[in-house]
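Asker: All residue numbers for the sequence shown refer to my numbering, where the first residue is 3 and numbers rise by one. Yeah, the Cβ is synthetic: ideal placement off N, Cα and C, and Gly gets one too.
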Amino acid sequence: MALGESELHDLIRESVRDISDDFDREYWREHIENKEFPDEYWQALADDGWLGVTIPEEYGGEGLGMLEMSIIIEELSRGGGQGGIIFVLTPVFGGIGIQRHGDEAQKAEYLPKIASGEMKFCMGLTEPTAGTNTLNIDTTARRDGEEFLVNGQKTFISGVENADTMLLVARTSEFDESNPTHGVTLFLVDDPAERAGIGLSEVDTAVPWFERQYQVTFDDLEVTEEDILGTEDGGLYLLWDTLNTERLAGAASSLGGGLRAIDLAVEYANDRNVFGQPIGGHQGIQHPLAESYAKLMASREILYKGATKWDDDEDCGLEANVAKLLTSRAGTEAADHAIQTHGGNGFTHEYEVYDIWQNLRLTQTVPVSNEMVLNYIGEHELGLPKSY
Ligand SMILES: Cc1cc2nc3c(=O)[nH]c(=O)nc-3n(C[C@H](O)[C@H](O)[C@H](O)COP(=O)(O)OP(=O)(O)OC[C@H]3O[C@@H](n4cnc5c(N)ncnc54)[C@H](O)[C@@H]3O)c2cc1C
């Protein structure tokens, strides 16, 4: 008998929790300190089918949707792992990008390898000058017959050292004010860390991740027509199509991180005794945790609604943006309360809550800032004038 949706989701949560339980705090600390990719964790996710959760079965995936991916990411983050980063770069940008916009040869080449864990992606969008203004990117891919020569610079690009392929965003036609979203193309650039024409220098970021960030310089990098994902000059449509899934996946990660902070705070508050009673009995400790929990529960509803709409091919722009905004704020606030609950221990590496706060604080800016999310809501939902 086929499983009902809620039974399937319970099963997914259980299976994912088992994976999280196999990778303890020590494992993550070691990988973060040494900036080492968590290969064993990655393979465990692949072996249970979770890296290919949205990939169609004919390409080796599970053929499920964004709702299931959101549940997986939430549970992984709640279990203390860094499932959020892992999913956004590879199953979302790589997997969903190619599954929706790749040609048949690209799907056959990349999707089975994403599902099996053989392949990792990085995403080359942000530039030092353009910043949030993607229309203003300076990295160009100039056509030369069937080839293109790429020149320019990206910054803050995560995980290039581990990536088999970079999804590179480059301008292929001059900016045209009358058609501003035309002229940008996405390229699949294999072996980005070793390829001629690509230079890397590390950016010294302060986030507790296992991956590094890089300034990436392109100096006559050669790519071909076959490397184009989607259509030449039509890359922005593709990028925006994938952005809702990136926001949903990011929201799931913030939600799980916030819930983990609360789980840890509750455990600590029940255990820690000063003035003759557990500190969790003081309302000054209990209410902030209860309030953050309430906010996370509410934001979870909008996240699941957005993911369900995406799976049903409905526009989920509002839900994806609201979920991203609310989870990043409620998650950061939950982690802040968890630090306060832990007293001095909140600032040690032994207790995890300060790391969680740093990761959650980042989600207010990365991969898209909350101001840009508010711009979207103000302009597209409320019908206010474009503010920039
Ligand atoms: C740890 C880390 C990992 C990252 N990984 C990647 C990656 O793998 N790939 C990648 O491409 N990028 C990556 N980034 C870059 C990240 O996505 C950007 O830093 C982020 O999108 C913000 O862009 P910016 O830094 O250029 O900020 P800016 O564009 O300079 O903006 C600065 C501030 O001004 C605000 N602002 C700007 N314009 C407006 C406006 N119109 N209205 C209101 N407010 C505005 C912004 O919201 C922000 O708060 C990473 C960054 C970090 C820190």
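So which of 278, 250, 335 has the shortest CA-CA distance to residue 90?
Answerer: When only C-alpha atoms are compared, the closest one is 250.
Asker: Do residue 214 and residue 204 have their C-beta atoms closer together than 7 Å?
Answerer: For residue 214 and residue 204, yes; Cβs fall inside 7 Å.
Asker: In this structure, does DSSP put residue 366 in helix, strand or coil?
Answerer: Correct three-state label for residue 366: coil.
Asker: Helix, strand or coil for residue 374? Go by DSSP, reduced to three states.
Answerer: Three-state result, residue 374: helix.
Asker: Determine, using beta carbons only, whether residue 237 and residue 162 come nearer to each other than 7 Å.
Answerer: Their beta carbons are not under 7 Å apart, which means residue 237 does not touch residue 162 by this criterion.
Asker: Am I right that residue 306 and residue 69 are in contact with their C-beta atoms under 8 Å? What's the rounded C-beta distance?
Answerer: The Cβ separation is near 6 Å, so the contact holds.
Asker: Taking 6 Å as the cut-off, does the CB of residue 182 come closer than this to any heavy atom belonging to ligand 1?
Answerer: Not under cutoff, so the answer is no.
Asker: For the region 64 to 78 and the region 10 to 22, state whether three or more C-beta atom pairs, one from each stretch, are separated by less than 8 Å.
Answerer: They touch, by the three-pair rule.
Asker: Taking the alpha-carbon of residue 149 as reference, which of 102, 115, 234, 107 has the nearest alpha-carbon?
Answerer: Nearest C-alpha to residue 149: 234.
Asker: What are the partner residues of residue 143, as DSSP defines its beta bridges?
Answerer: Note: residue 143 sits in a beta bridge opposite 152.
Asker: Where do the ends of the alpha helix (DSSP H) carrying residue 89 lie?
Answerer: From DSSP, the alpha helix (DSSP H) with residue 89 extends over 85 to 89.
Asker: Please return the same chain residues whose Cβ sits closer than 6 Å to the Cβ of residue 383, not counting the five positions on each side in sequence.
Answerer: So the list reads 320, once near-sequence residues are dropped.
Asker: With three or more C-beta pairs closer than 8 Å as the rule, is the region 116 to 129 touching the region 163 to 173?
Answerer: Verdict: yes, contact present.
Asker: Tell me whether residue 103 is buried or exposed, calling it buried when 16 or more other Cβ atoms sit within 10 Å of its Cβ.
Answerer: By the 10 Å Cβ count, residue 103 comes out buried.
Asker: Have a look at residue 290 and residue 297 and give me their C-alpha separation to the nearest angstrom.
Answerer: If I take the Cα positions, the gap works out to 11 Å.
Asker: Please report the distance separating the alpha-carbon of residue 31 from that of residue 95.
Answerer: So the alpha carbons of these two residues sit roughly 26 Å apart.
Asker: Output the distance between the C-alpha atoms of residue 367 and residue 327, rounded to the nearest integer angstrom.
Answerer: The alpha-carbon atoms of residue 367 and residue 327 are separated by roughly 10 Å.
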